[in-house]
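In what follows, a structure is listed as structure tokens, so that the remarks can point back to it.
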Amino acid sequence: MPVDPRLAEEYLAPVDTARVWAEVDLDALAHNLTIIRSRAGAGVGIMLVVKADAYGHGAVAIAHHAVRCGVASLGVGTSCEALELRSAGLRVPILILGTVVDEEVPRVLRHGVEIGLHSFDRLHQLEREARRLGLQARVHINVDTGMGRLGVLPERALDLLQEVRRSEHVHLAGVMTHISSLAGNASPETTLQAKQFADVITTAQEAGIHCGRIHLANSTGLFSGLCPLYDTVRPGIAALGVLPETIPGGEDLHPVLSLRSQVVFLKDIPAGTPVGYGSTWRAPRQTRIATLPLGYNDGVPWNLSNRGTVLLAGQHAPIVGCVSMDYTTVDVGAIEGLCVGAVATLIGKQGAAQITVAEVARAAGTIPYEITCSVGKRVPRICVGGESPTLPSQVPTPACPPALVTPTARAVTAMERPSEPAPSKGARAHP
Ligand SMILES: Cc1ncc(COP(=O)(O)O)c(C=O)c1O
């Protein structure tokens, strides 16, 4: 018999959401943005990087709160990500940091999304499409100073900049490069990258080219303080409360993500009982196994098998056996009085204990980015906090300055022009 939809909603939804959930702490985001803002200094705009669904945290909620906190613009990886934010009502400038493919160009232009520009071919295509649509394409030229993936090489950058300047339908909104260093900026490569970028900017300015927004610093660049910040910084992971452990300053940040679940089954097993695929773990003594209804599909790395821990009743309990797609098993023999329904924390705080994203990454032999990006699609993101934006508002660069709109251009400015951020308590006007 088909399930009555009202009953399905009443009985199934709470069960689904209680199996496993990710808490996204918007107050922590606001706190981190305040720190980023003070590191960046007055007059430097924040382009918050929210690609890959804000590194798994949920891009729409993160972006909305960040904009309420005064973030001036957003960076994404793909057209789809940009359009998702536009359709969720975000009107601030959005830059596709990566690249577009041909078929995506018309929609991206119609929605006033800015595009990272790497090649003359793409410039010509943008010029044709923007002319056909009667719009201005807004681009940021990406100079490849050392990443070796996207971007125009420094020696061709001036030619590309000049060709953009000659273009009627393509407007230069910015110039950027990306630092390749993982460990901070004190490497010879970073010094060279920063120098090559500075040379491109100086040459362009000497040639009378107005570069728009100029940006290179990601979280590492911003916190290591060794590269120039220009007028815009482009942090991602620091806003989410995580920094590579080699960079000082991470201890002041608050983690935004917690990953939680609940015990669905407790089983007493005798010594020698195997647990999980491949019987990689056998109980060394009589003990109790708690089964948690989340696995590698939900963001528990398989590499935590027999290696990671989970917080239960405020204590660390070892993951035993292989993590499977839907389940994780934990030895809770040392924890007395645990019941089915007890909350398990895989990332985050419980009582005085904490498991950080960096710790999980280290135990799994990967980087923190991969841990948060791997929180699965079926894990609901539950936002907590977010009552009070804390940053002074920033006035984003006008999306399409009237002087630059060609006579035939249809106004995309209304679409792009951000609504005034709500005045926050104690907010002061941006200088
Ligand atoms: C071009 C670009 N800029 C900025 C960032 C943000 O980097 P992070 O999260 O390390 O601050 C990224 C992320 O990978 C990126 O690809």
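Just so you know, we're using this note's numbering here: the sequence shown kicks off at 50 and counts up by one.
Cβ atoms here follow ideal geometry from the backbone N, Cα and C, with glycine treated the same way.
Could you check whether the Cβ of residue i sits closer than 7 Å to any heavy atom belonging to ligand 1?
i: ARG283; result: yes
i: SER273; result: no
i: SER268; result: yes
i: HIS227; result: yes
i: ALA287; result: yes
i: GLY124; result: yes
i: VAL433; result: no
i: LEU278; result: no
i: VAL98; result: yes
i: LEU82; result: no
i: LEU146; result: yes
Measure the C-alpha to C-alpha separation of residue i and residue j and round it to an integer number of angstroms.
i: ALA103; j: ILE95; result: 15 Å
i: THR127; j: VAL149; result: 7 Å
i: GLY382; j: VAL313; result: 16 Å
i: GLY200; j: PRO367; result: 45 Å
i: GLY390; j: GLN311; result: 5 Å
i: GLY105; j: ASP380; result: 28 Å
i: GLY147; j: GLY92; result: 26 Å
i: ILE338; j: ILE420; result: 25 Å
i: PRO323; j: MET374; result: 18 Å
i: CYS260; j: PRO438; result: 31 Å
i: THR83; j: ALA77; result: 10 Å
i: GLY505; j: LEU315; result: Residue coverage of the chain in this structure runs from 50 to 480, which leaves residue 505 outside it and unanswerable.
i: CYS129; j: ARG309; result: 29 Å
i: LEU75; j: SER122; result: 18 Å
i: TRP70; j: ALA401; result: 21 Å
i: LEU202; j: ASP208; result: 11 Å
i: ARG215; j: VAL291; result: 42 Å
i: GLY119; j: GLU238; result: 33 Å
i: GLN399; j: ALA137; result: 33 Å
i: GLY327; j: VAL369; result: 12 Å
i: GLU255; j: VAL188; result: 20 Å
i: THR336; j: ARG117; result: 50 Å
i: ALA186; j: HIS80; result: 35 Å
i: PRO451; j: TYR418; result: Low confidence applies to PRO451: its pLDDT is 31, below 50, so where it sits in the model is not reliable, and the reading given next is rough at best. One C-alpha to the other measures close to 40 Å.
i: ARG334; j: ILE384; result: 15 Å
i: PHE169; j: ILE143; result: 22 Å
i: ASP301; j: TYR345; result: 30 Å
i: THR340; j: VAL154; result: 48 Å
If I measure Cβ to Cβ from residue i and keep anything under 6 Å in the same chain, skipping five residues before and after, which residues do I get?
i: HIS365; result: THR358
i: ALA332; result: ILE318, ALA320, THR322
i: LEU139; result: ALA112
i: GLY435; result: LEU75, HIS114
i: ALA413; result: PRO350, ASN352, LEU353
i: THR394; result: ARG309, LEU360
Please check the pair residue i and residue j, which I expect to be a contact at CB under 8 Å, by giving their CB distance rounded to whole angstroms.
i: ALA362; j: LEU97; result: About 36 Å; that fails the 8 Å criterion.
i: SER23; j: ILE396; result: Nothing can be reported for residue 23, as the shown portion of the chain is limited to 50 through 480.
i: ARG427; j: ASP347; result: 7 Å
i: ILE145; j: ALA131; result: 6 Å
i: LEU158; j: LEU182; result: 6 Å
i: PRO284; j: ILE85; result: 6 Å
i: VAL219; j: ALA179; result: 6 Å
i: ILE250; j: VAL224; result: 6 Å
i: CYS422; j: ALA101; result: 5 Å
i: GLN242; j: GLY197; result: The Cβ separation is near 11 Å, so there is no contact.
Could you tell me which of the options sits nearest to residue i, measuring between CA atoms?
i: GLY325; options: GLN403, GLN311, TRP351; result: TRP351
i: ALA482; options: CYS388, ARG205, LEU353; result: Missing from the structure shown is residue 482; the chain here goes from 50 to 480 and no further.
i: THR226; options: VAL282, ARG156, GLY257; result: VAL282
i: VAL73; options: ALA131, GLU238, VAL305, VAL406; result: VAL305
i: CYS276; options: GLY290, ASP208, PHE246; result: PHE246
i: VAL108; options: CYS129, SER87, VAL116, LEU134; result: Reading off the sequence shown, one finds Ala at residue 108, where the question assumed Val. Checked all of CYS129, SER87, VAL116, LEU134; the closest Cα to ALA108 is LEU134.
i: THR405; options: THR336, GLY299, ALA67, HIS80; result: GLY299
i: PRO342; options: VAL372, ASP317, VAL120; result: VAL372
i: VAL141; options: THR377, HIS160, VAL154; result: HIS160
i: VAL99; options: LEU241, ASP193, ALA179, ASN267; result: ASN267
i: LEU387; options: LEU360, THR377, GLY370, ALA412; result: LEU360
i: ALA89; options: GLN403, THR329, GLY274; result: GLY274
i: LEU210; options: GLY435, GLY257, TYR376, ARG334; result: GLY257
i: THR378; options: LYS398, VAL349, ARG198, TYR418; result: VAL349
i: ILE286; options: TYR279, VAL369, HIS264, HIS303; result: HIS303
i: ASP193; options: ILE263, ALA186, ALA206; result: ALA206
i: ARG262; options: THR240, ALA393, ILE190; result: ILE190
i: TRP330; options: THR340, HIS264, ASN355, GLU163; result: ASN355
i: LEU184; options: GLU163, PRO297, LEU265; result: GLU163
i: LEU265; options: LEU172, GLN403, PHE169, GLY124; result: GLY124
Could you name the residues of the same chain whose beta carbon sits closer than 7 Å to that of residue i, not counting the 5 residues immediately before and after it, in chain order?
i: GLU294; result: ALA407
i: SER230; result: SER236, GLU238, THR239, THR269
Closer than 8 Å by C-beta to residue i: which residues in its own chain qualify, once you throw out the five before and the five after it? Chain order, please.
i: ALA67; result: GLN311
i: ASP248; result: PRO203
I want to see whether chain B comes within less than 8 Å of residue i, judged by CB atoms only; does it?
i: LEU184; result: Any reference to chain B falls outside this structure, which holds one protein chain only.
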